[in-house]
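In our numbering, the protein residues as written are 1 to 450.
Even glycine gets a Cβ: it sits at the ideal position worked out from N, Cα and C.
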């Protein structure tokens with residue numbers, strides 16, 4: 001089966017390599033893993049991956065050194081770095097060296113991994129002109145809300161107006177911000193995205209604004225903040241509602257005066273940066289309860305753009321699904337795949353709590369599982385997903401999440417083995433994972449006797 005892209009994963013934790021291999025192979029990727037940095041460099045030269053996932057803390061060769069080597073060989077390669085809280089400085093340095101993005105471990109979810117890899121592959125595959133156009137991305141639809149949002153992109157792009165994008169997770173807020181950037185006079189400058197919720201509060205201020213040597217314990221040298229790094233570009237501040245009140249004050253000063261004061265410094269620095277902010281929270285309510293500054297809210301809410309959840313624009317689902325199907329089937333060497341009538345009905349009936357991002361992942365997985373020329377209902381793996389309000393998914397007494405996920409995984413393994421008459425290789429293909437991963441899971445769930 002031809003896969004949608006090759007991913008090289010370099011990490012000295014073999015258990016993490018196993019997890020990433022399973023998740024990515026199920027999503028349709030060809031995965032190459034190496035647990036030694038030296039072997040990772042050799043594999044990079046030999047396998048010519050489309051994307052690299054790279055741990056920053058490894059013996060003998062650091063992740064930063066390996067990143068620089070990768071970039072020398074292929075300056076366009078998207079490298080996603082894997083970091084823990086203890087190596088935040090390295091993660092930010094990796095971004096400065098050209099890393100595409102970073103994810104922290106333990107991972108929030110498998111969807112987080114799929115989403116960042118999917119974005120990286122899209123950037124790798126698309127020419128510059130295509131990246132600049134929202135119509136070439138997931139921002140598709142004929143609903144009035146989407147047409148209005150895209151119209152506001154056209155109006156915002158030529159200006160330096162601060163934009164506030166609101167909407168649930170997975171609706172495409174970062175895609176919209178990139179559309180603004182690449183259609184603006186700043187398109188030749190950097191676009192830097194920072195998720196405020198991804199940083200410890202004690203670190204975020206220093207990373208945004210930089211610091212002076214000796215400003216705090218461990219500040220052994222002067223360091224530029226990410227806002228400075230984004231000179232003459234666009235700075236996308238995602239989940240701005242997660243900022244502490246003290247950081248809000250400093251951001252307000254930057255927006256109002258276009259100057260920046262590093263932590264521990266006394267000299268202000270002039271900046272030339274356009275800001276786009278985004279949130280999935282109700283900032284007006286936060287202003288009312290005192291958790292978000294009113295003056296900052298008015299400063300960032302100059303041009304608001306709202307992206308509705310997918311369940312509120314269901315007429316766009318067939319268009320989006322067809323777009324994702326065409327793209328994924330082409331990448332996986334299965335051109336001509338079509339959506340069956342029953343599949344379209346299931347897609348329309350589901351409430352899509354993960355929004356457009358979830359739809360993309362579902363279609364990508366379905367293409368991997370499909371063996372004929374038509375996607376069928378069982379390829380979607382939606383049957384066990386309850387179409388109920390999100391809060392009702394969790395009992396009042398709570399659940400053991402690891403146990404629940406393990407039980408779900410076990411059911412799919414048993415179903416695949418039943419359908420293939422116990423043929424492990426065919427069952428692995430049906431689930432979109434490697435034979436080794438299938439064998440590991442059979443042993444893990446004690447299915448040998450079944």
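- Rounded to whole angstroms, the gap between the alpha carbons of residue 376 and residue 225 is 50 Å.
- The C-beta distance from residue 139 to residue 97 rounds to 29 Å, too long to fall under 8 Å, and the pair is not in contact.
- Secondary structure within the segment 230-265: the alpha helix (DSSP H) runs of 4 or more consecutive residues, fully enclosed, are 245-257 (chain order).
- Annotated as proximal: residue 276 and residue 180, with beta-carbon spacing under 8 Å.
- Annotation: the continuous alpha helix (DSSP H) that includes residue 414 extends over 401-419.
- In terms of Cβ geometry, residue 120 and residue 102 do not form a close pair [threshold 8 Å].
- Annotation note: the segment 293-340 contains the following uninterrupted beta strand (DSSP E) runs of length 3 or greater, listed N- to C-terminal: 303-306.
- The shortest CA-to-CA distance from residue 296 to any of 265, 255 and 236 is the one to 255.
- Shown here for residue 252: same chain residues with a beta carbon closer than 8 Å to its own, the five before and five after excluded, namely 293, 295, 296 and 299 in chain order.
- Taking C-beta atoms under 8 Å as the contact rule, residue 111 and residue 55 fail to qualify, at a distance of about 20 Å.
- For the pair residue 346 and residue 382, the CB atoms are nearer than the 8 Å cut-off.
- By the beta-carbon neighbour count (other beta carbons within 10 angstroms, threshold 16), residue 363 is buried.
- Looking from the CA of residue 8, the closest CA among 52, 15 and 260 belongs to 52.
- Rounded to whole angstroms, residue 165 and residue 304 show a C-alpha spacing of 6 Å.
- Counting C-beta pairs closer than 8 Å gives fewer than three between the segment 144-161 and the segment 346-355, which falls short of the contact rule.
- The shortest CA-to-CA distance from residue 356 to any of 267, 323 and 440 is the one to 323.
- Excluding residues up to 5 positions away in sequence, nothing lies with its Cβ nearer than 6 Å to the Cβ of residue 419 in the same chain.
- Here residue 104 really is in contact with residue 198; their C-beta atoms are around 7 Å apart, less than 8 Å.
- Between the segment 437-445 and the segment 33-41 there are fewer than three C-beta pairs closer than 8 Å, too few to call the two in contact.
- In the structure shown, residue 370 falls within a coil segment according to DSSP collapsed to helix, strand and coil.
- When the alpha-carbon of residue 117 is set against those of 216, 50 and 172, the nearest one is in 50.
- In the structure shown, residue 195 falls within a strand segment according to DSSP collapsed to helix, strand and coil.
- Following the DSSP letters along the chain, one finds residue 285 inside the alpha helix (DSSP H) bounded by residues 283-288.
- Distances from the CA of residue 46 to each of 73, 57, 25 and 22 were compared; the closest alpha carbon is that of 73.
- The beta carbon of residue 278 is closer than 6 Å to those of 165, 173 and 238 in its chain, skipping five residues each way along the sequence.
- With a cutoff of 8 Å on beta-carbon distance, residue 373 and residue 410 are scored as not near each other.
- Under the DSSP assignment, residue 31 falls in the beta strand (DSSP E) whose first and last residues are 30-34.
- Where residue 97 is concerned, there is no enclosing beta strand (DSSP E), because DSSP gives it neither an H nor an E.
- Around the beta carbon of residue 361, 16 or more other beta carbons sit within 10 angstroms, so the residue counts as buried.
- Excluding the 5 residues flanking it on each side, residue 426 has same chain C-beta neighbours closer than 7 Å at 420, in chain order.
- In this structure, the straight-line span from the alpha carbon of residue 353 to that of residue 313 is close to 13 Å.
- By the criterion of at least three beta-carbon pairs nearer than 8 Å, the segment 263-270 is in contact with the segment 203-218.
- Judged by DSSP in its simplified three-state form, residue 439 adopts helix.
- For residue 272, there is no enclosing beta strand (DSSP E), as DSSP gives it neither H nor E.
- Going by C-alpha positions, residue 221 is about 12 Å away from residue 264.
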